[in-house]
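If you read the sequences in order, they're chains A, B and C. Start counting the first sequence at 3; every next residue gets the next number (the working numbering). Start counting the second sequence at 20; every next residue gets the next number (the working numbering). Start counting the third sequence at 7; every next residue gets the next number (the working numbering). We put the CB at the ideal spot given by N, CA and C, even for glycine.
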Amino acid sequence: MRYVLRRLGFFVLTLWVALTLNFLLPRMMPGNPALAVIGTYKGGVSPQALKALEAQFGFTTHQGLISQYVSYLGNVARLNFGISLTTQPGTSVAHIVLDAIPWTLGLVGITTILAFILGTLIGIIGAWRRGGLFDSIMPPILVIMTVIPFFWLGLILILVFGVKLKLLPYFFTYTYTLTPGFTPAFIGNVLEHAILPAFTLLITTIGTWILTMRNTMITTLAEDYVRMARAKGLPGWRIMLDYAARNAILPNLTGFAMSLGFIVGGAVLIEEVFNYQGVGWLLLQAVFNDDYPLEQALFLLITVAVLVAILISDLLTAILDPRTRGAS
Amino acid sequence: MSSVPGSESAGPAEGSGRLASRAGSPAAASFPPAGAAPVPDAAGQPVLAVRDLTVEYVMERGTVTAVDHVSFDLGPGEFLGVVGESGCGKSTLLFAIAQLLAPPAGIAGGSVAFRGTNMVGLTDKELAAIRWKDLSVVMQSAMNALNPVKSIGAQFSDVMRAHGVRSKQEIAARSAEVLRMVGIDPVHLGSYPHQLSGGMRQRSMIAMAMLFTPDLIIMDEPTSALDVVAQRSLMVQVKELQQQFGFAVIFVTHDMSLVRHFSERLLVMYAGQVAEVGETRRMFASPLHPYTAGLMEAFPSIRGPRVPLTGIPGSPPDLAQPQAGCWFAPRCTRVMPRCRTSQPDLYQVDGTLARCFLHQEEAPGGGRP
Amino acid sequence: MAMLQAPEEPGGAGVTGEPGLPPAIAPITAGGLLASGGGISGARSLRRMARAITSNRKASAGALLLLLFIVIAAIPGVIAHDNPNAEVYPKLLGPSSSHWLGTTALGQDMFSQVIYGTRPVLLIAFGVGLGATIIAMLVGVAAAYLGGVYDGVLNVITDVLLVIPLLPLLIIIGSYLKGAGTAVMIIVITATGWSYTARQLRAQALSLRSRDYLEAARVRGERRLYIIVVEIIPTMTSLLVASFLTNALYAVLFSSSLQFLGLGDPNVTSWGTMLYWAEQAEAFQVAPLWIIVPGLCIVALGAAFALINYAFDEIGNPALRPVRSMRRSARVQRSR
Chain A
3 MRYVLRRLGF FVLTLWVALT LNFLLPRMMP GNPALAVIGT YKGGVSPQAL
53 KALEAQFGFT THQGLISQYV SYLGNVARLN FGISLTTQPG TSVAHIVLDA
103 IPWTLGLVGI TTILAFILGT LIGIIGAWRR GGLFDSIMPP ILVIMTVIPF
153 FWLGLILILV FGVKLKLLPY FFTYTYTLTP GFTPAFIGNV LEHAILPAFT
203 LLITTIGTWI LTMRNTMITT LAEDYVRMAR AKGLPGWRIM LDYAARNAIL
253 PNLTGFAMSL GFIVGGAVLI EEVFNYQGVG WLLLQAVFND DYPLEQALFL
303 LITVAVLVAI LISDLLTAIL DPRTRGAS
Chain B
20 MSSVPGSESA GPAEGSGRLA SRAGSPAAAS FPPAGAAPVP DAAGQPVLAV
70 RDLTVEYVME RGTVTAVDHV SFDLGPGEFL GVVGESGCGK STLLFAIAQL
120 LAPPAGIAGG SVAFRGTNMV GLTDKELAAI RWKDLSVVMQ SAMNALNPVK
170 SIGAQFSDVM RAHGVRSKQE IAARSAEVLR MVGIDPVHLG SYPHQLSGGM
220 RQRSMIAMAM LFTPDLIIMD EPTSALDVVA QRSLMVQVKE LQQQFGFAVI
270 FVTHDMSLVR HFSERLLVMY AGQVAEVGET RRMFASPLHP YTAGLMEAFP
320 SIRGPRVPLT GIPGSPPDLA QPQAGCWFAP RCTRVMPRCR TSQPDLYQVD
370 GTLARCFLHQ EEAPGGGRP
Chain C
7 MAMLQAPEEP GGAGVTGEPG LPPAIAPITA GGLLASGGGI SGARSLRRMA
57 RAITSNRKAS AGALLLLLFI VIAAIPGVIA HDNPNAEVYP KLLGPSSSHW
107 LGTTALGQDM FSQVIYGTRP VLLIAFGVGL GATIIAMLVG VAAAYLGGVY
157 DGVLNVITDV LLVIPLLPLL IIIGSYLKGA GTAVMIIVIT ATGWSYTARQ
207 LRAQALSLRS RDYLEAARVR GERRLYIIVV EIIPTMTSLL VASFLTNALY
257 AVLFSSSLQF LGLGDPNVTS WGTMLYWAEQ AEAFQVAPLW IIVPGLCIVA
307 LGAAFALINY AFDEIGNPAL RPVRSMRRSA RVQRSR
């Protein structure tokens, strides 16, 4: 119980830090962000949005920094993220973000879980069967796989499968001439568009899971309790899964959570390369267009998503590892 | 209580008929050197017969022989202590006997006959029939030897189900029974290893080893992680169980005082070889090998006359650098010129075997390579 | 002397350090190197590492690659003869003997660009590597040694920074600092990335803290600072080197990502910016080499760092090394 409370406390703290960073960064920039926006988009920004922005930055109301902060926090609590300046001027940020979430959730969420499960299984088997080709050649290959930049692999895949071989589409989330709906044709089209980005994410991330699981398993297999399990005459599969893997996966769960920040970054890059209109792509649009309300909302969303995932993995750890639950 | 401080051995030999009679019948000079072995009981054969067991570590810088042609017999119900310095190969020997070695270690030669069946070379599947039912293992640190994420009861149940016991009631009943045998309240079946104290963990390991009342229990320094009081209490428990159920024990330790009180026979290892093996009492009274003598002197009796503490000068040899002569020569107080040039065999003196040229003349025809 | 132990010694404390991060990025489990006794001071440790690198094939390959890049970065003019920024050539030529990789859409010689682009990348890598390692060391050792409240506070700071998604943060910061130079990029990446390795260093410092020779120093009356600087830090040499490599790798990947997004310094040609321009010019159809080559360089440099790091892992934890020639012994075993 204490463990859960401690993790929740950490969750809240990090959230607060992210919120504050979000608040401070644009205000720390040299110059006046609101003026910059106004200057850039003379007439291109809806008057409502402009007014909201000025209010947010305290120009019309002449609020001090602290009171700005307080009203900012209040707004966040009410999930009022303001109005988008540039993306679809006049539309609420929340609306835009909600549109983009399912795409990213589908792509990144499913691919990451797949990569983790596959990678973990391969790692387990790789550790169980030592010797031979896999043991000596695969680790360096996998290591090299982990350093491939997300965006570059995307470009290469586009080059090979999209441009040269013309096998798969690589632009947008679905062919824009189609009308969205839950028809098989549409869903098929969506999946087709998702293949290359998903594959990119899979290849760049699976190496990590394989290697860390393998290394952890190897260390675990050398533990005394695994040797004891052999001494007891337990069947091989039970030793591998119940005694070795169950222990080896614990540090990997923690690592999974930690890696999420990294993976999210990768998702941003991949969405950019494939023009895949998910949350990452939206963030880049917002950043390049100085659309502060949208930018802030997205950064917050991403941070919260990572934190939630970490919380889930912490809970899983608490369930799987009795040592975290009770004192001895 | 069978252990009286100061007595040479807490010998349970007077106990049940399954236990071995005293060792010491004069042996023929022929191989195997049965002189150090007890006369087997009516069942006809020793529980364990190890012949020329050799274990090698294959490493990048070369092959190291960790156990070098070790041979000995173990009779039913016998308590054999195996002692030696750190790194002498005693733990490796134990794992080799139990067929638990893992790369880079491997058995390079020899045989381990358990009740007549050679276990070397059998697959895990073939060994599963013997494992735990007839031969079980107790390891040094229960904290490391128990799966940290499973409860004690679950681990007991795993073993029983692996050997054909299916019924939940049977499993629960037997688990509770063995725990009570070692003095633990069966309510702890639901506990996890980290929730038990060190002594309780060790006892539960012994309880687990007793699940099928095997013929042989191999123990690798089970008391090293315990304080002195817990140590003695554990040893007494083991001896009581042994008296009650009549299993044989191979007990590896570096603590000479423990073997003195609890073992009938003693095997001293040095540099992977058998340095001396024989009846405990006799070896303590008059050690044949200079190394054994050194070990005895390092553990003076608490009731004996006060003597200055002497250790054995020098340090254990690096097995990666093979020697021409006897491994112990550099540290031996009674070294002779020939000790540096040729390796001694095991020579017999009155039922005890010693690997030392000092005793070569006394053995008719010499020992064996 | 090295006495043969019984077949235990499972890589020390195992994976109590940083699991789950890309292994090349979080290579040294707190146990791996610790298993060998924690560390040997300074010079001896470096020599030991050098010997370890030359004996391990992966590490040697990585080290050689790194050396190659360093040489290229040091003397680009010797290898490539054109000014990388000079837009004088005909655009989008294919590879030829005068332009080994062809030219870009702006008429620049691609080969020169790749060669000259090495230096900024290496500068960032080493700059961040050094900076982040120093901060991580200070924070980690301070947290471990001071303990108590300080430890708690530093830990929280480290963990929070660890959790906040870095690329989005970098993107946002980068956009505010539009087109700032290399130095700024080094500072920004360092300031956000030191927390990865701080945790590992703290873990090792914690374990070292209770070693006997430190107790001896304390009993001698040495001041805390002395103990930290003279006794603890030199013994952490191997982990510090690993941390340097980790941070350098992370810097290469993140800086090229930022440059690819257009947030880098537009005046400096580096591999990331080359890819940025390549994407802008939609080079897929017309100049695939423009896309392929700079990316390969990034992979190569990253691999160099990563391989050395992974080799460190294998060295510290022999169980991870490829299993060889057990078949011989197994055969002997079976034949009886």
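- For Ala68 (chain B), the pairing in a beta bridge is given by DSSP as B:Asp92, B:Ala132.
- If the five residues before and after Met147 (chain A) are omitted, its C-beta is found closer than 8 Å to the C-beta atoms of Ile205, Thr206, Ile208, Gly209, all from its own chain and listed in chain order.
- Listed in chain order, the positions of the stretch 307 to 318 of chain C with a beta carbon within less than 7 Å of a beta carbon of chain A are Gly308, Ala309, Ala312, Leu313, Tyr316.
- DSSP places Ile189 (chain A) in the uninterrupted alpha helix (DSSP H) bounded by 186 to 223.
- Note on Phe184 (chain A): under 16 other CB atoms within 10 angstroms of its CB, so exposed under the neighbour-count rule.
- Put simply, the backbone Cα of Phe188 (chain A) is about 48 Å away from that of Arg4 (chain A).
- Looking at the DSSP output, Ser282 (chain B) bridges to nothing.
- Residue state for Ser94 (chain A) is assigned as strand, using DSSP reduced to three classes.
- Residue-level contact by beta carbon fails for Asp246 (chain B) and chain A, as no gap is shorter than 8 Å.
- When secondary structure is reduced to three states using DSSP, Gln265 (chain C) falls in the helix class.
- Contact with chain C is found for Val145 (chain A), since one of that chain's Cβ atoms lies less than 8 Å from the residue's Cβ.
- Relative to Pro171 (chain A), the option among A:Ser315, A:Ser94, A:Leu23, A:Val275 whose CA is nearest is A:Val275.
- Proximity of Pro324 (chain A) to chain B, defined by a Cβ-Cβ separation below 8 Å, is satisfied.
- Here Pro324 (chain A) is near Val168 (chain B), since their CB atoms are less than 8 Å apart.
- When only Cα atoms are considered, Gly154 (chain C) and Met242 (chain C) end up about 22 Å apart.
- Taking a C-beta cut-off of 9 Å against chain C, the contacting residues of the stretch 303 to 318 of chain A are Ile304, Thr305, Ala307, Val308, Leu309, Ile312, listed in chain order.
- When the beta-carbon positions are compared, Ala320 (chain A) and Val14 (chain A) stay at least 8 Å from each other.
- Selection C:Asn315, C:Leu136, C:Val166, C:Tyr122 evaluated against Ile76 (chain C) yields C:Tyr122 as nearest (Cα-Cα).
- Residues of chain A with a Cβ closer than 7 Å to the Cβ of Lys97 (chain C) do not exist; the shortest Cβ-Cβ separation is about 19 Å.
- A direct Cα-to-Cα measurement between Pro96 (chain C) and Gly113 (chain C) gives close to 5 Å.
- For chain C, the residues of the stretch 131 to 164 of chain A that bring a beta carbon within less than 9 Å of one of its beta carbons are Arg132, Gly133, Gly134, Asp137, Ser138, Ile139, Pro141, Pro142, Leu144, Val145, Ile146, Thr148, Val149, Ile150, Pro151, Phe152, Phe153, Trp154, Leu155, Leu157, Ile158, Ile160, Leu161, Gly164, in chain order.
- Residue pairing from DSSP places Met78 (chain B) in a beta bridge opposite B:Gly81.
- Taking the beta carbon of Asp271 (chain C) as reference, no residue of chain A falls within 7 Å; the closest one sits roughly 17 Å away.
- Counting C-beta atoms within 10 angstroms of its own C-beta, Val235 (chain C) has fewer than 16 neighbours from the protein chains shown and is therefore classed as exposed.
- In this model, Leu295 (chain C) and Leu159 (chain A) are separated by some 14 Å (Cα to Cα).
- Within the stretch 4 to 23 of chain A, Phe12, Leu15, Thr16, Val19, Ala20, Leu23 place their CB atoms closer than 8 Å to a CB of chain C, listed in sequence order.
- Contact residues of the stretch 140 to 172 of chain C toward chain A are Val162, Asp165, Val166, Leu168, Val169, Ile170, Pro171, Leu172 (C-beta to C-beta distance below 8 Å).
- Take the alpha-carbon of Phe163 (chain A) and the one of Leu100 (chain A): they are about 31 Å apart.
- Per DSSP, Ala290 (chain B) lies in no alpha helix (DSSP H) segment and is marked neither H nor E.
- Interface with chain A (8 Å Cβ-Cβ cutoff): Met158 (chain B) is included.
- Where Thr164 (chain C) is concerned, the enclosing alpha helix (DSSP H) starts and stops at 154 to 169.
- Along the length of the stretch 110 to 139 of chain C, whole beta strand (DSSP E) runs at least 3 residues long do not occur.
- Here the stretch 255 to 266 of chain C makes contact with the stretch 126 to 140 of chain C; the two share three or more CB pairs at distances below 8 Å.
- Pairwise C-beta distances place the stretch 94 to 107 of chain B in contact with the stretch 248 to 267 of chain B, as three or more of them are shorter than 8 Å.
- Straight-line spacing of the CA atoms in Met260 (chain A) and Arg327 (chain A) works out to 21 Å.
- Within chain A, the C-beta atoms nearer than 7 Å to that of Ala117 (chain B) come from Ala233, in chain order.
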